[in-house]
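Residue numbers (the working numbering): -5 to 95.
This is how it looks when you write it as structure tokens:
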């Protein structure tokens, strides 16, 4: 594996953690926000008359989490490329070597 300077590694993990916090905030708002705001949201209906809070609890939250997974993968790859971390390069460097744990 390629060695990374400590300052660069700190920036890398700080950026990764920043995005993780953003994803957790979105997760919290989608999961608990609809529950906390169920009464006001019950007036909004979508897709065949279902209340919005019911739809978000039954389907919307799951779809949001799946979308967040894909966004996390894409953003993570972009951050890796920004800091010069290339998985294919790491595989080439470690080919034929065993790691003792």
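Backbone N, C-alpha and C fix where the C-beta goes; we use that ideal spot for every residue, glycine too.
Just so we're clear, the structure is a prediction, and the values are computed from it rather than from any experiment.
Three or more Cβ pairs closer than 8 Å define a contact, and the region 71 to 84 meets that threshold against the region 2 to 9. Our two residues, residue 13 and residue 22, have alpha carbons roughly 14 Å apart in a direct line. Residue pairing by DSSP puts residue 40 in a beta bridge opposite 44. DSSP, read as helix, strand or coil, puts residue 19 in helix. With contact defined as three or more Cβ pairs closer than 8 Å, the region 51 to 71 and the region 22 to 37 are in contact. Membership of residue 62 in the alpha helix (DSSP H) is indicated by the continuous run 55 to 76.
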